[in-house]
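Engineer: In the order they appear, the protein sequences are chains A and B. Just so you know, the first sequence maps onto residues 36 to 267 in this note's numbering. Just so you know, the second sequence maps onto residues 36 to 267 in this note's numbering. Where is the CB? At the ideal position from N, CA and C, for every residue including glycine. The structure displayed is predicted, hence computed values, not measured ones. Take this structure first; my questions come after.
Number of protein chains: 2
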Amino acid sequence: MASCETCVVRNRAICSALDAQEIGALNAIGRTRTLSAGEALIWEGDDSVLVANVIDGVLKLSTGTEDGREQIVGMVFSSDFIGRPFGATTGHGVTALTDATVCVFNRRDFDAFAREHPALEHKLLQRTLTELDRTRRWMLLLGRKSASEKVASFLLEMCERVAAPGCEHHVPAGEIRLDLPVSRQQIADVLGLTIETVSRQFTRLKGEGVIDLPSRREVVIRSHAALLAEAG
Amino acid sequence: MASCETCVVRNRAICSALDAQEIGALNAIGRTRTLSAGEALIWEGDDSVLVANVIDGVLKLSTGTEDGREQIVGMVFSSDFIGRPFGATTGHGVTALTDATVCVFNRRDFDAFAREHPALEHKLLQRTLTELDRTRRWMLLLGRKSASEKVASFLLEMCERVAAPGCEHHVPAGEIRLDLPVSRQQIADVLGLTIETVSRQFTRLKGEGVIDLPSRREVVIRSHAALLAEAG
DNA sequence: CGACTACTTGATGTTTATCAAAGCAAGTGG
DNA sequence: CCACTTGCTTTGATAAACATCAAGTAGTCG
Chain A
36 MASCETCVVR
46 NRAICSALDA
56 QEIGALNAIG
66 RTRTLSAGEA
76 LIWEGDDSVL
86 VANVIDGVLK
96 LSTGTEDGRE
106 QIVGMVFSSD
116 FIGRPFGATT
126 GHGVTALTDA
136 TVCVFNRRDF
146 DAFAREHPAL
156 EHKLLQRTLT
166 ELDRTRRWML
176 LLGRKSASEK
186 VASFLLEMCE
196 RVAAPGCEHH
206 VPAGEIRLDL
216 PVSRQQIADV
226 LGLTIETVSR
236 QFTRLKGEGV
246 IDLPSRREVV
256 IRSHAALLAE
266 AG
Chain B
36 MASCETCVVR
46 NRAICSALDA
56 QEIGALNAIG
66 RTRTLSAGEA
76 LIWEGDDSVL
86 VANVIDGVLK
96 LSTGTEDGRE
106 QIVGMVFSSD
116 FIGRPFGATT
126 GHGVTALTDA
136 TVCVFNRRDF
146 DAFAREHPAL
156 EHKLLQRTLT
166 ELDRTRRWML
176 LLGRKSASEK
186 VASFLLEMCE
196 RVAAPGCEHH
206 VPAGEIRLDL
216 PVSRQQIADV
226 LGLTIETVSR
236 QFTRLKGEGV
246 IDLPSRREVV
256 IRSHAALLAE
266 AG
């Protein structure tokens, strides 16, 4: 079993608030778990029994209506936190988009640990506030943007979070190659569109030379500026 | 100037985490401020210079695109917290929907105070987590629901937050009378619709006997069940 | 009373969803 | 190695939902 001392996200995850001894204590209540692409970690409406840190991979947070419509409400990446501490139920499901490794904790154990370590709670608060800001910005996209603006915004978001994770506002010059962690259907579920509309927007952008599509899961951004202009 | 000891939201706001002495210290760095309906407290993109507790009234959180489209990303009520602690900028504007009274703090003062009072940070974390859950549920509405589902969901949300604040899951029997704190345009901005579509849905629901509209800002819910069925 | 604002209603247009079919890459078994 | 299946994606035709444009109506406030 892996230990915190050697953890690759040790310095970026909320654990960075802790010293060596505290990390040891946290290590004692957590365990790593691997997930295959498509595998669920938490189901929507479940009792909140576990929380986790993402060590590697990408996962989606999603809710749906009874008749099967789905909305992806968030994507979590390496070093992000998952789950609902201090609460009874989880409002959304958590499913691996790629093969993933996570560090899971029993929620009650984690709650107790967090309450004894204000520095950890502070980190968690900062993260939650940032996530709330991001989520609210996404509401503008869902409520007010057109299909073309949505797709352009999505690609820009992927640039930041997949291609250049960490360094928030650095935009690499020239072409940017992305490996999408999501299918067309999942992109549609993020943007509140249908798969057909997403596909048509991709083909149009390719036709206009803004992007290239070497394969289904790859995108090359040929003109970051054009995407920015189109994102609204 | 009002003091915390006599504050009406004293036991529901995040201040409830503090004892009498701490309340005194917090009182020293805050001041009350009144806002008229329509008046802005924070502008989108502003440096995060202040945070606040809502004492009375309703305020909206909103973002917009450059070409003037607006999306309301949240509504805050009595005892709710406003602003972005521990961060440089505010991602959305805050504007009073009704006349309102808020208890404002310089953000840096508040940050420093919060860091010294883990119980306060804990309350704030709980609130932020709850708000994130609510916001994510709203994304399902924005991305996947039809106009009729959106309007029905909106009315149900108003039931919970205006008519029966606090007692989460109690649904009063019989008819429920609501005073909407928002105009038709603002409802449209919450739901990602146009004012005309909202108006048509209201008229239809009235025609079907599900609601009654005694005046522009009043709604009577005649059939809570029908709304639930329509909300999706 | 008259101007103003907010809302409603109607006619028309655009966008995006839906339905249907075909294309394409990757894998499977013969 | 090739035919065949399978799952995802693209493309096309059509329909529905909602937006837009344009009056018209009803409260509200001086």
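First and last residue of the beta strand (DSSP E) that includes K95 (chain A)?
Structural biologist: The count along the first sequence starts at 1 and reaches residue 95 (chain A) at position 60. Looking at the DSSP string, the run of the beta strand (DSSP E) that includes K95 (chain A) is 94-99.
Engineer: Threshold first: 3 residues or longer. Then list the beta strand (DSSP E) segments lying entirely within the region 174-235 of chain B, N to C.
Structural biologist: Counting whole runs of 3 or more residues, the region 174-235 of chain B contains the beta strand (DSSP E) stretches 211-214.
Engineer: Across the region 170-178 of chain A and the region 101-111 of chain B, are there enough close Cβ pairs to call them in contact, namely three or more that are closer than 8 angstroms?
Structural biologist: In short, these stretches touch, since the Cβ pair count reaches three.
Engineer: Please report the Cβ distance between L96 (chain B) and V111 (chain B), rounded to the nearest whole angstrom; I am assuming they are in contact, meaning their Cβ atoms lie under 8 angstroms.
Structural biologist: Translated into positions along the second sequence, residue 96 (chain B) becomes position 61. Translated into positions along the second sequence, residue 111 (chain B) becomes position 76. Yes, L96 (chain B) and V111 (chain B) are in contact; Cβ-Cβ is about 7 angstroms, under 8 angstroms.
Engineer: What residues in the region 102-130 of chain B bring their beta carbon closer than 8 angstroms to a beta carbon of chain A?
Structural biologist: Going along the region 102-130 of chain B in chain order, one finds D102, R104, E105, Q106, V108, G109, R119, P120, F121, G122, G126, H127 with a Cβ nearer than 8 angstroms to chain A.
Engineer: Based on the DSSP output, what are the partners of T124 (chain A) in its beta bridges?
Structural biologist: Position 89 of the first sequence, counted from the first residue, corresponds to residue 124 (chain A). For T124 (chain A), which the question treats as bridged, DSSP gives the partners A:D82.
Engineer: Suppose the cutoff is 6 angstroms on Cβ atoms and the five residues either side in sequence are ignored; what does the same chain contact list for V89 (chain A) look like?
Structural biologist: As a working note, residue 89 (chain A) is residue 54 in the first sequence. Counting only Cβ-Cβ distances below 6 angstroms, and skipping sequence neighbours, we find V111, S113, D115, V137.
Engineer: Give me the Cα-Cα distance between L240 (chain A) and I246 (chain A), rounded to the nearest whole angstrom.
Structural biologist: If you number the first sequence from 1, residue 240 (chain A) lands on position 205. If you number the first sequence from 1, residue 246 (chain A) lands on position 211. Spanning the two alpha carbons is a distance of roughly 6 angstroms.
Engineer: State yes or no: is the beta carbon of Q161 (chain A) nearer than 7 angstroms to at least one beta carbon in chain B?
Structural biologist: As a position in the first sequence, residue 161 (chain A) is number 126, starting the count at 1. Taking Cβ atoms only, chain B reaches closer than 7 angstroms to Q161 (chain A), which makes this a yes.
Engineer: Quick check on R171 (chain B): does DSSP put it in helix, strand or coil?
Structural biologist: Locating residue 171 (chain B) in the second sequence gives position 136, counting from the first residue. Looking at R171 (chain B) - three-state DSSP - the assignment turns out to be helix.
Engineer: Going by DSSP, which residues form a beta bridge with V137 (chain B)?
Structural biologist: Locating residue 137 (chain B) in the second sequence gives position 102, counting from the first residue. DSSP, once it has assigned bridges, lists B:R68, B:V89 as partnering V137 (chain B).
Engineer: In the DSSP assignment, find the alpha helix (DSSP H) that holds E151 (chain B) and state where it starts and stops.
Structural biologist: For the purposes of this step, residue 151 (chain B) is taken as the residue at position 116 of the second sequence. Where E151 (chain B) is concerned, the enclosing alpha helix (DSSP H) stretches over 142-151.
Engineer: Span of the alpha helix (DSSP H) holding A75 (chain A)?
Structural biologist: Taking the first residue of the first sequence as position 1, residue 75 (chain A) is located at position 40. First-last for A75 (chain A): 75-77, but that is the beta strand (DSSP E), not the alpha helix (DSSP H).
Engineer: Against chain B, with Cβ distances strictly below 7 angstroms, would G227 (chain A) count as a contact?
Structural biologist: Residue 227 (chain A) sits at position 192 when you count from the first residue of the first sequence. Cβ-Cβ to chain B under 7 angstroms: yes for G227 (chain A).
Engineer: Return the chain-ordered list of same chain residues with a C-beta closer than 7 angstroms to the C-beta of A123 (chain B), the five sequence neighbours on each side being excluded.
Structural biologist: What you label residue 123 (chain B) is simply residue 88 of the second sequence in a count that begins at 1. Answer for A123 (chain B): D82, S83, listed in chain order.
Engineer: Strictly below 7 angstroms CB to CB, what residues from chain A border M193 (chain B)?
Structural biologist: Within the second sequence, residue 193 (chain B) is the residue found at index 158, counting from 1. Simply none; closest approach about 18 angstroms.
Engineer: D247 (chain A) bridges to which residues according to DSSP?
Structural biologist: As a first step, residue 247 (chain A) must be located in the first sequence, where it is residue number 212. DSSP, once it has assigned bridges, lists A:V255 as partnering D247 (chain A).
Engineer: Do you know how far the Cα of S51 (chain A) is from the Cα of E151 (chain A)?
Structural biologist: By 1-based counting over the first sequence, the position of residue 151 (chain A) is 116. By 1-based counting over the first sequence, the position of residue 51 (chain A) is 16. Roughly 16 angstroms between the two C-alpha positions.
Engineer: Comparing alpha-carbon positions, which option in B:Q221, B:V233, B:P216, B:E243 lies nearest V93 (chain B)?
Structural biologist: Within the second sequence, residue 93 (chain B) is the residue found at index 58, counting from 1. Nearest option by C-alpha distance: B:P216.
Engineer: Please compile the residues from chain B whose C-beta is within a distance smaller than 7 angstroms of the C-beta of G178 (chain A).
Structural biologist: Locating residue 178 (chain A) in the first sequence gives position 143, where the first residue counts as 1. What G178 (chain A) touches in chain B: Q106, L177, G227.
Engineer: Considering only the alpha carbon of each residue, which of B:A223, B:A72, B:R235 lies closest to A131 (chain B)?
Structural biologist: Against the second sequence, residue 131 (chain B) aligns to sequence position 96. Of B:A223, B:A72, B:R235, the residue nearest in Cα terms is B:A72.
Engineer: Counting only beta-carbon atoms, is T100 (chain A) nearer than 7 angstroms to chain B?
Structural biologist: Translated into positions along the first sequence, residue 100 (chain A) becomes position 65. Yes, its Cβ sits closer than 7 angstroms to a Cβ of chain B.
Engineer: Would F140 (chain B) and I64 (chain B) be called neighbours here (beta carbons separated by less than 7 angstroms)?
Structural biologist: The residue you call residue 140 (chain B) lines up with position 105 of the second sequence. The residue you call residue 64 (chain B) lines up with position 29 of the second sequence. Against a cut-off of 7 angstroms, the Cβ pair of I64 (chain B) and F140 (chain B) comes out as a contact.
Engineer: Classify Q236 (chain A): buried if its beta carbon has 16 or more other beta carbons within 10 angstroms, exposed otherwise.
Structural biologist: In the first sequence, the residue the question calls residue 236 (chain A) occupies position 201. Its Cβ being crowded by 16 or more others within 10 Å, Q236 (chain A) is buried.
Engineer: Rounded to the nearest angstrom, what separates T163 (chain B) and G244 (chain A) at their Cα positions?
Structural biologist: Counting from 1 along the second sequence, the entry for residue 163 (chain B) is found at position 128. Counting from 1 along the first sequence, the entry for residue 244 (chain A) is found at position 209. The straight-line gap from Cα to Cα measures roughly 42 angstroms.
Engineer: Quick one, which of A:A198, A:F189, A:S218 has its alpha-carbon nearest A266 (chain A)'s?
Structural biologist: Taking the first residue of the first sequence as 1, we reach residue 266 (chain A) at position 231. Residue A:F189 is the option with its Cα nearest to A266 (chain A).
Engineer: Does the beta carbon of L167 (chain B) come closer than 7 angstroms to any beta carbon on chain A?
Structural biologist: Position 132 of the second sequence, counting from 1, holds the residue named residue 167 (chain B). Closer than 7 angstroms to some Cβ of chain A, the Cβ of L167 (chain B) qualifies, so yes.
Engineer: Which residues of chain B have a Cβ atom closer than 7 angstroms to the Cβ of H259 (chain A), listed in chain order?
Structural biologist: In the first sequence, residue 259 (chain A) corresponds to position 224, counting from 1. Per Cβ cutoff of 7 angstroms: no residues; H259 (chain A) is ~18 angstroms from chain B at best.
Engineer: Using the C-alpha atoms, what's the distance from T170 (chain B) back to E40 (chain B)?
Structural biologist: Reading the second sequence from its first residue, position 5 is the one you call residue 40 (chain B). Reading the second sequence from its first residue, position 135 is the one you call residue 170 (chain B). E40 (chain B) and T170 (chain B): Cα-Cα distance of roughly 32 angstroms.
Engineer: So, is D54 (chain B) buried or exposed, given that buried needs 16 or more other C-beta atoms within 10 angstroms?
Structural biologist: One-based indexing of the second sequence puts residue 54 (chain B) at position 19. By the neighbour-count rule (16 or more Cβ atoms within 10 Å), D54 (chain B) is not buried but exposed.
Engineer: Which bits of chain B does R143 (chain A) rub up against, with CB to CB less than 7 angstroms?
Structural biologist: If you number the first sequence from 1, residue 143 (chain A) lands on position 108. What R143 (chain A) touches in chain B: nothing, since even the nearest Cβ is about 15 angstroms away.
Engineer: By the three-class DSSP mapping on this structure, what secondary structure does G109 (chain A) have?
Structural biologist: Here the question's residue 109 (chain A) lines up with position 74 in the first sequence. Strand, per DSSP.
Engineer: Checking the sheet assignment: what are the DSSP bridge partners for A131 (chain B)?
Structural biologist: Here residue 131 (chain B) corresponds to residue number 96 of the second sequence, with the count starting at 1. Answer is B:L94.
Engineer: Would you kindly check if the distance between the Cβ of A135 (chain A) and the Cβ of L213 (chain A) is under 7 angstroms?
Structural biologist: Locating residue 213 (chain A) in the first sequence gives position 178, counting from the first residue. Locating residue 135 (chain A) in the first sequence gives position 100, counting from the first residue. Contact flag unset, no.
Engineer: Of the residues that make up the region 145-159 of chain A, which ones have a beta carbon closer than 8 angstroms to any beta carbon in chain B?
Structural biologist: Answer in chain order: R150, P153, E156, H157, L159.
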